[in-house]
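Engineer: Sequential numbering from 9 applies to the sequence shown in this note's numbering.
Have a look at the structure that comes next, please.
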Amino acid sequence: MTMNTNTLHPHPLISLLPLAVLIALIALVLRIFLDDALSGASQVALMVASSVCVALSMLVYKTKWTVFEEMIKKTVGDAGVSILILLLIGMMSATWMVSGVVPTMIYYGVQLMSPWLFLPCACIISSFISVITGTSWTTIATIGIALMGIGDALGIPQPYTAGAIISGAYFGDKMSPMSDTTVLASSMAGADLFSHIRYMLYTTVPSIVISLVLYLVIGLFYNGQEVEVNQYLTGLNNGFNISLWTMVVPLFTALLIYKKMPLLITLLLSSLAACLCAVVLQPEALMHIAGEKQVNALSLFEGLMLTCYTKTNIDTGFEAINSLVATRGMVGMLSTVWLILCAMCFGSCMVASGMLRSITRIILKGIKGTASLVCSTVASGVLLNLVMGDQFLSIIMNVSIYHDEYAERGYRPELLSRSTEDSATVTSVLVPWTACGMTQSTVLGIPTLVYLPFCFFNIISPIMSCLVVILGFVPKPQPKGTAEAAA
9 MTMNTNTLHP
19 HPLISLLPLA
29 VLIALIALVL
39 RIFLDDALSG
49 ASQVALMVAS
59 SVCVALSMLV
69 YKTKWTVFEE
79 MIKKTVGDAG
89 VSILILLLIG
99 MMSATWMVSG
109 VVPTMIYYGV
119 QLMSPWLFLP
129 CACIISSFIS
139 VITGTSWTTI
149 ATIGIALMGI
159 GDALGIPQPY
169 TAGAIISGAY
179 FGDKMSPMSD
189 TTVLASSMAG
199 ADLFSHIRYM
209 LYTTVPSIVI
219 SLVLYLVIGL
229 FYNGQEVEVN
239 QYLTGLNNGF
249 NISLWTMVVP
259 LFTALLIYKK
269 MPLLITLLLS
279 SLAACLCAVV
289 LQPEALMHIA
299 GEKQVNALSL
309 FEGLMLTCYT
319 KTNIDTGFEA
329 INSLVATRGM
339 VGMLSTVWLI
349 LCAMCFGSCM
359 VASGMLRSIT
369 RIILKGIKGT
379 ASLVCSTVAS
389 GVLLNLVMGD
399 QFLSIIMNVS
409 IYHDEYAERG
419 YRPELLSRST
429 EDSATVTSVL
439 VPWTACGMTQ
449 STVLGIPTLV
459 YLPFCFFNII
469 SPIMSCLVVI
479 LGFVPKPQPK
489 GTAEAAA
């Protein structure tokens, strides 16, 4: 697209104003609305910040509105697939619950796990599933929900459990060769995929080991604590037909992933398989959702439709378990979609106005050695998540900003791709208005800023990325001439 050249380099102080307005508004919104901050107030804050950006650019730098409009159209258009994925995640998480898949996992999980080992186990399980699937979103929407239920039954506070699940899921998201963020970061930087993964071991392994130790220490405080597991077992038996046959659904989903089916198709087929499982094994639950007393084909169909698209409640005889097995369906993801659209609008305006590039140019001016270059890359990766509201856009922008600088200095592209993944990929879930932050908050039912302090891996990774470089673990320089060719 064509951009007004007057908007390419706005003054840095002016460029920081929209971001300052956004942070101030979000802080005020969080203080007033608390857990309801993402139900609309945060979206309004993003739109106000977008308006400030546009107004400053048009009034001070005479930028035409069409420049912003074209960028917004492109960015929101590119988000179409992500929005469909969100809706299907809402449907899949609901059908997995009503079909008995998640209740069965919880039923057997609470009998097998000990409270003091639960948090590190939750992190390891999430890591394993995420490495296999290549996606943190699917991991959290499936096994993550089950682990939240198990944690509740074992008496572990929900923010701790959410932090362990997210830490594990994003470890796998970084290290899996099937992960879209891993492929994107390596390809954008011009690095070989498996070389990129190998170099990430220097920062990722220490980060996850430290995280597991911290979760183990927290778990020791729950050793010997009395837990009413029998209440959960009774409640789940009251509401569902607990059967190992429900595990056919996750096995079928694993097969689809193994066959490398596209994510949209995998989510849809997994949801349909769960619907079939619900008809066969949970007809009483579907009747309860439909408000009918007798089982018949139309009522089963009504129950399935309601499960897929709206909120459902199943009476298990225990209030705590009722809230655990309640679902939101596709409707539950609409606030997330709304937030993503507003966040992308803000990010688009910052890019189109040239304000984002103006801010990053300040960072580039202070770069002298390897450590400062990597630390700047990591810092801007976090900043881009705050501004762009989307980890994919943050990865693309971060690599684009620093690509030439790394090439001119002769650094291997793996250093750039690793630094970007250590920041833009893992911290996206810690920002309330990003697609990742809002999605995981919605799926797990925990506000982003509540689970944030316990996402140890996501917090440690950017710090470890800087520390490792300061200690000298840097990819060897490229042969002379390679850097220029890569540029």
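Every residue gets a Cβ at the ideal spot worked out from N, C-alpha and C, and that includes glycine.
Taking C-beta to C-beta, are Gly171 and Phe464 nearer than 8 Å?
Structural biologist: Taking the first residue of the sequence shown as position 1, residue 171 is located at position 163. Taking the first residue of the sequence shown as position 1, residue 464 is located at position 456. Their beta carbons are under 8 Å apart, which means Gly171 touches Phe464 by this criterion.
Engineer: Can you tell me whether Tyr266 is buried or exposed, with buried defined as 16 or more other CB within 10 angstroms of its CB?
Structural biologist: Position 258 of the sequence shown holds residue 266. Exposed, by the Cβ-count rule.
Engineer: What's the gap between the Cα of Cys350 and the Cα of Pro291?
Structural biologist: If you number the sequence shown from 1, residue 350 lands on position 342. If you number the sequence shown from 1, residue 291 lands on position 283. Each residue's alpha carbon lies about 40 Å from the other.
Engineer: Since Phe354 contacts Ser58 with CB under 8 Å, what's their CB separation in whole angstroms?
Structural biologist: For the purposes of this step, residue 354 is identified with residue 346 of the sequence shown, where counting begins at 1. For the purposes of this step, residue 58 is identified with residue 50 of the sequence shown, where counting begins at 1. Their Cβ separation, rounded to whole angstroms, is 5 Å, which keeps Phe354 and Ser58 in contact under 8 Å.
Engineer: Between the beta-carbon of Ser366 and the beta-carbon of Ala199, is there less than 8 Å?
Structural biologist: For the purposes of this step, residue 366 is taken as the residue at position 358 of the sequence shown. For the purposes of this step, residue 199 is taken as the residue at position 191 of the sequence shown. Against a cut-off of 8 Å, the Cβ pair of Ala199 and Ser366 comes out as no contact.
Engineer: In terms of residue numbering, what span does the alpha helix (DSSP H) encompassing Thr169 cover?
Structural biologist: Translated into positions along the sequence shown, residue 169 becomes position 161. From DSSP, the alpha helix (DSSP H) with Thr169 extends over 166 to 183.
Engineer: For Ile370, count the other beta carbons within 10 Å of its own beta carbon; 16 or more makes it buried, fewer makes it exposed. Which is it?
Structural biologist: The count along the sequence shown starts at 1 and reaches residue 370 at position 362. It is exposed - the Cβ of Ile370 has fewer than 16 other Cβ atoms within 10 Å.
Engineer: What is the DSSP secondary structure of Thr318, reduced to helix, strand or coil?
Structural biologist: Counting from 1 along the sequence shown, the entry for residue 318 is found at position 310. DSSP places Thr318 in coil when its eight states are reduced to three.
Engineer: Identify which residue in Leu312, Ile297, Asn304, Ile158 has its Cα closest to the Cα of Ala281.
Structural biologist: Here residue 281 refers to the residue found at position 273 of the sequence shown. Ranked by Cα distance from Ala281, the options Leu312, Ile297, Asn304, Ile158 are led by Leu312.
Engineer: So, with DSSP's three-state summary, where would you put Thr211?
Structural biologist: By 1-based counting over the sequence shown, the position of residue 211 is 203. Note: Thr211 maps to helix in three-state DSSP.
Engineer: So, helix, strand or coil for Thr143, using DSSP?
Structural biologist: Numbered from 1 along the sequence shown, position 135 holds the residue referred to as residue 143. Three-state DSSP puts Thr143 in coil, outside helix and strand.
Engineer: Short check: CB of Val213 to CB of Leu201, under 8 Å?
Structural biologist: What you label residue 213 is simply residue 205 of the sequence shown in a count that begins at 1. What you label residue 201 is simply residue 193 of the sequence shown in a count that begins at 1. For the 8 Å CB-CB criterion, Val213 and Leu201 do not form a contact.
Engineer: Expressed to the nearest angstrom, what Euclidean distance is found between the alpha-carbon atoms of Ile409 and Thr368?
Structural biologist: On the sequence shown, residue 409 is found 401 positions in, with the first residue counted as 1. On the sequence shown, residue 368 is found 360 positions in, with the first residue counted as 1. Going by the C-alpha atoms only, they are around 8 Å apart.
Engineer: Counting only runs that start and end within the segment 82 to 140, where is the beta strand (DSSP E) found for 3 or more residues in a row?
Structural biologist: none
Engineer: How far does the alpha helix (DSSP H) with Met55 in it reach, from first residue to last?
Structural biologist: Along the sequence shown, one-based indexing puts residue 55 at 47. Looking at the DSSP string, the run of the alpha helix (DSSP H) that includes Met55 is 49 to 69.
Engineer: Nearest-angstrom Cα distance between Lys82 and Val439?
Structural biologist: Numbered from its first residue, the sequence shown carries residue 82 at position 74. Numbered from its first residue, the sequence shown carries residue 439 at position 431. Taking the straight line from one Cα to the other gives about 23 Å.
Engineer: Alpha carbon to alpha carbon, how far is Val303 from Met295?
Structural biologist: For this step, residue 303 is matched to residue 295 along the sequence shown. For this step, residue 295 is matched to residue 287 along the sequence shown. Between Val303 and Met295, the C-alpha separation is close to 6 Å.
Engineer: Just how far apart, CA to CA, sit Gly299 and Ala193?
Structural biologist: For the purposes of this step, residue 299 is identified with residue 291 of the sequence shown, where counting begins at 1. For the purposes of this step, residue 193 is identified with residue 185 of the sequence shown, where counting begins at 1. Cα to Cα, Gly299 sits roughly 49 Å from Ala193.
Engineer: Where does Thr189 sit, in a helix, a strand or coil, going by DSSP?
Structural biologist: Start at 1 with the first residue of the sequence shown, and residue 189 comes out as number 181. It is helical.
Engineer: Under the three-state reduction of DSSP, which class applies to Thr242: helix, strand or coil?
Structural biologist: Residue numbering aside, residue 242 sits at position 234 when the sequence shown is read from its first letter. Reduced to three states, the DSSP call for Thr242 is helix.
Engineer: Decide yes or no for the touch test of the segment 462 to 477 against the segment 414 to 421: beta carbon pairs closer than 8 Å, at least 3 of them.
Structural biologist: no
Engineer: Going by DSSP, what residue range makes up the alpha helix (DSSP H) through Leu162?
Structural biologist: As a working note, residue 162 is residue 154 in the sequence shown. Boundaries for Leu162: no alpha helix (DSSP H) harbours it, and the DSSP string shows neither H nor E there.
Engineer: Find out if the Cβ-Cβ distance for the pair Leu25, Val52 is shorter than 8 Å.
Structural biologist: Here residue 25 refers to the residue found at position 17 of the sequence shown. Here residue 52 refers to the residue found at position 44 of the sequence shown. Cβ distance not < 8 Å, so Leu25 and Val52 don't count as in contact.
Engineer: Would the beta-carbon of Met269 fall within 8 Å of that of Leu94?
Structural biologist: As a working note, residue 269 is residue 261 in the sequence shown. As a working note, residue 94 is residue 86 in the sequence shown. Their beta carbons are not under 8 Å apart, which means Met269 does not touch Leu94 by this criterion.
Engineer: Using the Cα positions of Asn12 and Val476, report the straight-line distance between them to the nearest angstrom.
Structural biologist: As a working mapping, residue 12 is identified with position 4 in the sequence shown. As a working mapping, residue 476 is identified with position 468 in the sequence shown. Residue placement at Asn12 is flagged as unreliable, the pLDDT there being 43, under the threshold of 50; the coordinate-derived value follows with that caveat. Approximately 41 Å, taken between the alpha carbons.
Engineer: I'd like to confirm the pairing. Which residues does DSSP put opposite Thr324 in its beta bridges?
Structural biologist: Within the sequence shown, the letter at position 316 stands for residue 324. Answer by DSSP bridge pairing: none, since Thr324 is not bridged.
Engineer: For Thr335, list the residues DSSP reports as bridge partners.
Structural biologist: Stepping through the sequence shown from its first residue, residue 335 is reached at position 327. Thr335 is bridged to Thr320.
Engineer: How should Glu429 be labelled, buried or exposed, when 16 other C-beta atoms within 10 angstroms of its C-beta is the threshold for buried?
Structural biologist: For this step, residue 429 is matched to residue 421 along the sequence shown. When all chains shown are included, Glu429 counts as buried.
Engineer: Would you kindly work out how many angstroms separate the C-alpha atoms of Asp160 and Trp124, rounded to a whole number?
Structural biologist: Along the sequence shown, read from residue 1 onward, the residue named residue 160 stands at position 152. Along the sequence shown, read from residue 1 onward, the residue named residue 124 stands at position 116. About 13 Å.
Engineer: Let me check understanding here. Comparing Cα to Cα, which of Asn406, Val382, Ile375 lies closest to Leu364?
Structural biologist: As a position in the sequence shown, residue 364 is number 356, starting the count at 1. Ranking the options by Cα distance to Leu364, first place goes to Asn406.
Engineer: From Thr324 to Val75, what distance separates their C-alpha atoms?
Structural biologist: If you number the sequence shown from 1, residue 324 lands on position 316. If you number the sequence shown from 1, residue 75 lands on position 67. Cα-Cα distance, rounded: 55 Å.
Engineer: So, is the C-beta of Val434 closer than 8 Å to a C-beta in chain C?
Structural biologist: Checking the listed chains, one finds no chain C in this structure; it contains a single protein chain.
Engineer: When you compare only the Cα positions, how much space is there between Pro18 and Lys373?
Structural biologist: Along the sequence shown, one-based indexing puts residue 18 at 10. Along the sequence shown, one-based indexing puts residue 373 at 365. Distance between the alpha carbons of Pro18 and Lys373 is about 16 Å.
Engineer: Starting from Asn304, follow the alpha helix (DSSP H) in both directions and report where the run begins and ends.
Structural biologist: One-based indexing of the sequence shown puts residue 304 at position 296. Element bounds for Asn304: n/a, residue is neither H nor E.
Engineer: Report the option in Gly377, Ser436, Gln166, Tyr116 whose CA atom is closest to the CA atom of Tyr414.
Structural biologist: Residue numbering aside, residue 414 sits at position 406 when the sequence shown is read from its first letter. Measuring from the Cα of Tyr414, the nearest candidate turns out to be Gly377.
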